[in-house]
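Engineer: Take a look at this one; I'll ask things after.
Residue numbers (the working numbering), protein chains in the order written: chain A, 1 to 673; chain B, 674 to 1346.
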């Protein structure tokens, strides 16, 4: 059944204008410029069959965009990402106009009444209201949202992840990303552009809405579509420039974009960008191409004027969206419940970053959903451990951390469990993307290596000193900081099992194995025997404890080892301290902390990172609101001086977070008792 | 005096190899590939005079790179930024080889002994040591470092800022930025590329060291220099491809790059990129172009082999660096000590973001060092207030926050005071750049508007909920969160006076004027009369206080108003609370907090942002280590549920950080007393 595109575009414009005026806010002008292109995508008829042959059937071969509107997570659905998230009125309007037959029934031209709409157009009038699924920018509340957007320049990265996911899984879906011209000033877009062409993602279609006007005036390039084309082509994409309001040109563009590729030949496997010259506010003459209308809803009076211009709107119209052509199921899962566990000899030295690599390699053997992303540091983070047996699970993201995180979000939404790694400090490069992934309530595991001043000679630019704080500040994000290889492996497994974002921090230097791990001789034994010490999210480990402890020293990562060393020396002098490995920084093991506070009165937190937002504040903050506690003190040893190059031990001493600093503080406490 | 480039390059290679082997770590291969280009830049002779005419004088016209080596901050010096900071051994080696005559004495060819070296070559052997100025990646300890680098892809942004600064000040210096091919995968580079050509920065020269190999394997484009050229040209740059080890080609490239432009003509005013095909490890045959040598120093044995290959090195050689040609002084400063102050009527409503705009416009009238940068949100952040009287002070940075911060760092190092603004949430996009600016101990004022859920209908992607934590976690960074227009203006002034980075958070919604501000009728009066209430970094304001207070409510921004509203209602019921405006979040006013804790025992912190790393943790953390305090409680009201669209008041209620939530908590405390 052929859709009437001009009429549907009119209906969608009607929806955009009425919903934003009802809300009293929103971005109608930004939505109107992209309306015709998106209407074509959703409802336009492809003339080609899947194999590229022409189809003389009047019905055509289904819409360009193909998805089961009743099954949003169907792995075969095409994906549509509104990177220009403020065009949400258009996004919602499309789904109010969209419909699908149930049970694959074929309908005739006059039967569009039997199409079931994706959402009720009435709902559009709830836009931006507190009780509505239709938020100011698309969020997960709205079922058709791929990922929450609204922080510009991030959608293409997500698209790259989803498109690459399709390639890896042998799925046919296409990924479409709508972007605005202002937002492609964001560097993250060009990270995505480069990586997309590197991976030959010819199943990725970017649509660029060149409406010339940003939030406050013209963009850098104005209407110079040729330059956008040159840039896209120099980054390895095919690019087509069109009039974004001419349905014939738009149709041709999508035909080209969705033509299946012939047998792979060099130069053919490129992602494609449709560069559409559009008019901001198109369809409402008195706002068309005018500065000052960004993010402004029409008043009631202006709306009347605009609707008069629009003319008669057929509100019964439904645009038919075709189902995906093929139906391939996706059965990825866990093959074996518990992965192998690396043998670690007690007392030996292994860096926790190395243990991460071991854990990852073991995990990837048993869980098909895992995909590993790294930003050209995999020989340092040890994410490269998976390359040996499962190179297909490793995705090199090059030095482009923002895009890496966006890709991970794309993978996560498509059912994968991404393990994303680089130096902890370089995860700060992608904080906005990580923030958006938390809002998406995704399932990504972030691993930041080279934590703290203890990395040594490379110096301050490479030291992760604020990432504990950074990740703690994000909703529902678990933060783990294991101190040895055994606990690292166990916590990597816990992280994999956990539903939601997790951050694990690892250290560069080799540290002693603290926890038990039985050796396995010969044949495999029951994995359970290995689990001598339980490590769980929200847990901690009290390594040293007596009823004479005058203070509790809390450490994590390298400082836990300093605490243990301090314990030994103090013990020789007859001074007892409790030592807690606070490997779960968020959530905290409040019970163990309360117990230590009640019993020892003095808590010392030692951490190889900046003070603010770190472990001390987490502990002091948690204790301060507990009713029953009183008369205790919490002391902080953290990185307070501008760090610098030097040997790890020199730096730990310089920052006064080493064994000696702990001993000194304990003795001060001891003397005051 | 003509420098012998081949011999100097050999000397520099000698320095690179010996210093890194002595350190036992470092990046010699990355340094060796860029050696010849950099030797040409520093010591090569330009054949042209400044006006472009050829110079037949054997002495030539001075080196391409021109700087007073004894006066590093001379405003006329050319600037050299090693964006590929890991090539620091090369950076230091250049300055060990570089020399200059004192007192502008002209020397003959045999008089190079009279040149004073910039640094003593012996110092190179201290590379990466704890006591050395020569850190693993260049930092401010080394006097010739423009900005600390090491987090890749940031140097070009800094260069854009410095080059634009030269244009604005009418200075002749050129800015050179050395980048690697791996690092230009970073999107921030392409933000800088676009903005540099938009601003016609023909005084900016980027040098791209295409050595093919990243940290672990080949880069995305390998040796395809043509694609790099296409990309650069599509972004509006001139680009030259050369053999990075052929001095003739390198010379020609720098000649072109430094040829003064003819009378401005369209297309001529472009920044220029020299794309140099190089060999990683060039000069040491057994590591040349080999993967696996990134970040690896040669062993003692390997060093001997390499030095044997290098052959005889003339260690007495000094490369002469020319002084800047022109000498223009830079006299920017404050014209009047105190700027005008906007009239605010008590009880009226003005958004603090609006007050920021007012303060900025007033400040710019009196302080010539101020430059205003915004990322296409200036009509929302009100940074556009300066456009009216001082459009030359406003720099539109488009939707490219990372580059904006890098530019600010460039401006800051050249003596300006940048005020950088966008939505608070979008500052998270530039966290890595902000982190590096803190390491640079720069003087940048960051303003994040649209803080908290109280922005309303736009929804969660636009809400700044983690920036208090983000900025607090950085060294020596002041964090301010004013609650009304008067205090905002005063704190903006304090921020301008403060030496160092400051973050100020502003809110979207209009809030009541709380503090006094006398009206001025007719002529100006003494500005001192306006300062009824003192606002200072590290201060706070106790707005309500009695000796019957059963709790202290601490608020900032919008929540301070909720606290005051709660105060009024509770008072009617005979319950007294103290109310503190904690406008200085870092540093905190510990004295006032201690007083409130001792006197009221119950502290409630209400904040419109996520819990972790926020004001509650700052307060609880500060109090927990105070010896004298005991038996008190701190309670937290913060954003704990995933935020969403809605009216501001609905969202404050939903998150339980509004007046009613405060009242409820206070009554609970009251009942338990």
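Beta carbons are placed, not taken as given, at the ideal position from N, Cα and C, and that holds for glycine.
Quick check on DSSP: helix, strand or coil for residue 162(A)?
Structural biologist: Within the first chain, the letter at position 162 stands for residue 162(A). Looking at residue 162(A) - three-state DSSP - the assignment turns out to be helix.
Engineer: Using a Cβ cut-off of 9 angstroms, which residues of the region 638-668 of chain A contact any Cβ in chain B, in chain order?
Structural biologist: The region 638-668 of chain A vs chain B, Cβ under 9 angstroms: 639, 640, 641, 642, 643, 644, 645, 646, 647, 650, 651 and 654.
Engineer: Does residue 129(A) have its Cβ less than 8 angstroms from a Cβ in chain B?
Structural biologist: Here residue 129(A) refers to the residue found at position 129 of the first chain. Yes, residue 129(A) counts as interfacial toward chain B.
Engineer: In the DSSP assignment, the alpha helix (DSSP H) including residue 486(A) goes from what residue to what residue?
Structural biologist: Position 486 of the first chain, counting from 1, holds the residue named residue 486(A). Its alpha helix (DSSP H) spans residues 485-497.
Engineer: The region 1272-1298 of chain B: which residues have C-beta closer than 9 angstroms to a C-beta of chain E, in chain order?
Structural biologist: The chain inventory of the structure shown lacks chain E, comprising the protein chains A and B.
Engineer: For the structure I just gave you, are there three or more beta carbon pairs, one from the region 803-814 of chain B and one from the region 741-761 of chain B, closer than 8 angstroms?
Structural biologist: Under the Cβ criterion (8 angstroms, minimum of three pairs), the region 803-814 of chain B counts as touching the region 741-761 of chain B.
Engineer: Got a sec: is the Cβ-Cβ distance from residue 671(A) to anything in chain B below 8 angstroms?
Structural biologist: Taking the first residue of the first chain as 1, we reach residue 671(A) at position 671. Taking Cβ atoms only, chain B never reaches closer than 8 angstroms to residue 671(A), which makes this a no.
Engineer: Could you confirm whether any beta carbon from chain A is found closer than 8 angstroms to the beta carbon of residue 726(B)?
Structural biologist: By 1-based counting over the second chain, the position of residue 726(B) is 53. A caution first: residue 726(B) carries a pLDDT of 49, below 50, which makes its placement in the model too unreliable to give a value.
Engineer: Write down the C-beta distance between residue 469(A) and residue 614(A) rounded to the nearest angstrom, noting that I regard them as a contact closer than 8 angstroms.
Structural biologist: For the purposes of this step, residue 469(A) is taken as the residue at position 469 of the first chain. For the purposes of this step, residue 614(A) is taken as the residue at position 614 of the first chain. Right, their Cβ atoms sit about 6 angstroms apart.
Engineer: Considering only C-alpha positions, which residue in the set 684(B), 795(B), 947(B) and 820(B) is nearest to residue 1079(B)?
Structural biologist: Counting from 1 along the second chain, the entry for residue 1079(B) is found at position 406. Measuring from the Cα of residue 1079(B), the nearest candidate turns out to be 820(B).
Engineer: Can you find a CB in chain B that lies within less than 8 angstroms of the CB of residue 432(A)?
Structural biologist: Position 432 of the first chain, counting from 1, holds the residue named residue 432(A). With 8 angstroms as the cut-off, residue 432(A) counts as an interface residue toward chain B.
Engineer: Considering Cα atoms alone, identify which of 224(A), 353(A), 367(A) and 276(A) is closest to residue 378(A).
Structural biologist: Here residue 378(A) refers to the residue found at position 378 of the first chain. Nearest C-alpha to residue 378(A): 353(A).
Engineer: Check whether chain A comes within 8 angstroms of residue 677(B), counting only Cβ atoms and requiring the distance to be less than that.
Structural biologist: As a position in the second chain, residue 677(B) is number 4, starting the count at 1. Judged by the 8 angstroms Cβ criterion, residue 677(B) is not in contact with chain A.
Engineer: Assign residue 950(B) to one of three DSSP states: helix, strand, or coil.
Structural biologist: By 1-based counting over the second chain, the position of residue 950(B) is 277. Residue 950(B) falls in the strand class under three-state DSSP.
Engineer: Can you find a CB in chain B that lies within less than 8 angstroms of the CB of residue 543(A)?
Structural biologist: Along the first chain, one-based indexing puts residue 543(A) at 543. Taking 8 angstroms as the CB threshold, residue 543(A) stays off the interface with chain B.
Engineer: I want to see whether chain B comes within less than 8 angstroms of residue 137(A), judged by CB atoms only; does it?
Structural biologist: Taking the first residue of the first chain as 1, we reach residue 137(A) at position 137. Taking CB atoms only, residue 137(A) has a neighbour in chain B less than 8 angstroms away.
Engineer: Roughly how many angstroms lie between the CA atoms of residue 1054(B) and residue 84(A), to the nearest whole one?
Structural biologist: Position 381 of the second chain, counted from the start, is the residue given in the question as residue 1054(B). Position 84 of the first chain, counted from the start, is the residue given in the question as residue 84(A). Near 20 angstroms, if we compare the C-alpha coordinates of residue 84(A) and residue 1054(B).
Engineer: Check the Cβ-Cβ distances between residue 558(A) and every residue of chain B, and say whether any is below 8 angstroms.
Structural biologist: Start at 1 with the first residue of the first chain, and residue 558(A) comes out as number 558. No, residue 558(A) does not count as interfacial toward chain B.
Engineer: Along chain B, in chain order, which residues have C-beta atoms closer than 9 angstroms to that of residue 504(A)?
Structural biologist: Taking the first residue of the first chain as position 1, residue 504(A) is located at position 504. What residue 504(A) touches in chain B: nothing, since even the nearest Cβ is about 17 angstroms away.
Engineer: Under a CB-based cut-off of 8 angstroms, is residue 588(A) close to chain B?
Structural biologist: Counted from its first residue, the first chain places residue 588(A) at position 588. For residue 588(A), the answer is no, since every Cβ of chain B falls outside 8 angstroms of its Cβ.
Engineer: What does the alpha-carbon distance come out to for the pair residue 668(A) and residue 1300(B)?
Structural biologist: Reading the first chain from its first residue, position 668 is the one you call residue 668(A). Reading the second chain from its first residue, position 627 is the one you call residue 1300(B). For residue 668(A) and residue 1300(B), the distance between alpha carbons rounds to 13 angstroms.
Engineer: Can you have a look at residue 1213(B) and say buried or exposed, based on whether 16 or more other CB atoms are within 10 angstroms of its CB?
Structural biologist: Walking along the second chain from the start, residue 1213(B) turns up at place 540. With 16 or more other Cβ atoms within 10 Å, it is buried.
Engineer: For residue 887(B), which residues in the same chain have their Cβ closer than 6 angstroms to its Cβ, ignoring the five residues on either side in sequence?
Structural biologist: Taking the second chain and counting its residues from 1, the one referred to as residue 887(B) is at position 214. Once the five neighbours on either side are set aside, the close Cβ partners of residue 887(B) are 855.
Engineer: So with Cβ pairs under 8 angstroms, would you call residue 1131(B) a contact of chain A?
Structural biologist: Stepping through the second chain from its first residue, residue 1131(B) is reached at position 458. With 8 angstroms as the cut-off, residue 1131(B) counts as an interface residue toward chain A.
Engineer: In the DSSP assignment, the beta strand (DSSP E) including residue 1259(B) goes from what residue to what residue?
Structural biologist: Indexing the second chain from 1 puts residue 1259(B) at position 586. Element bounds for residue 1259(B): 1257-1259.
Engineer: Can you give the beta carbon distance from residue 1003(B) to residue 748(B), rounded, assuming they're within the 8 angstroms contact cut?
Structural biologist: Your numbering for residue 1003(B) matches position 330 in the second chain. Your numbering for residue 748(B) matches position 75 in the second chain. About 4 angstroms; that satisfies the 8 angstroms criterion.
Engineer: Are the CB atoms of residue 356(A) and residue 447(A) within a distance shorter than 8 angstroms?
Structural biologist: What you label residue 447(A) is simply residue 447 of the first chain in a count that begins at 1. What you label residue 356(A) is simply residue 356 of the first chain in a count that begins at 1. Yes, these two residues count as a Cβ contact at 8 angstroms.
Engineer: Around the Cβ of residue 804(B), are there at least 16 other Cβ atoms within 10 angstroms (buried) or fewer (exposed)?
Structural biologist: Looking up residue 804(B) in the second chain gives position 131. Label assigned to residue 804(B): exposed.
Engineer: So if I threshold CB-CB distances at 7 angstroms, which residues from the region 1142-1154 of chain B count as touching chain A?
Structural biologist: 1142, 1143, 1145, 1146, 1147 and 1148
Engineer: So, does the CB of residue 1087(B) fall closer than 8 angstroms to a CB anywhere in chain A?
Structural biologist: For the purposes of this step, residue 1087(B) is taken as residue 414 along the second chain, with counting starting at 1. Not closer than 8 angstroms to any Cβ of chain A, the Cβ of residue 1087(B) fails to qualify, so no.
Engineer: Give me the chain A residues within the contact set of residue 867(B), using Cβ-Cβ distance strictly less than 8 angstroms, ordered along the chain.
Structural biologist: Here the question's residue 867(B) lines up with position 194 in the second chain. Neighbours of residue 867(B) in chain A, taken as residues at a C-beta separation under 8 angstroms, are given in chain order as 185 and 220.
Engineer: For residue 689(B) and residue 1108(B), what's the separation of their Cα atoms in angstroms?
Structural biologist: Working through the second chain from its first residue, we reach residue 689(B) at position 16. Working through the second chain from its first residue, we reach residue 1108(B) at position 435. Going from the Cα of residue 689(B) to the Cα of residue 1108(B) covers about 29 angstroms.
Engineer: Let me know the secondary structure DSSP gives residue 210(A) once reduced to three states.
Structural biologist: For the purposes of this step, residue 210(A) is taken as residue 210 along the first chain, with counting starting at 1. Strand, per DSSP.
Engineer: Are residue 100(A) and residue 320(A) closer than 8 angstroms when you measure CB to CB?
Structural biologist: Residue mapping note: residue 100(A) aligns to position 100 of the first chain, counting from 1. Residue mapping note: residue 320(A) aligns to position 320 of the first chain, counting from 1. In this structure, residue 320(A) lies closer than 8 angstroms to residue 100(A) by Cβ.
Engineer: Does the structure place the region 1312-1325 of chain B close enough to the region 1156-1175 of chain B that three or more beta carbon pairs sit under 8 angstroms?
Structural biologist: no
Engineer: State yes or no: is the C-beta of residue 348(A) within less than 8 angstroms of the C-beta of residue 513(A)?
Structural biologist: For the purposes of this step, residue 348(A) is identified with residue 348 of the first chain, where counting begins at 1. For the purposes of this step, residue 513(A) is identified with residue 513 of the first chain, where counting begins at 1. Cβ distance < 8 angstroms, so residue 348(A) and residue 513(A) count as in contact.
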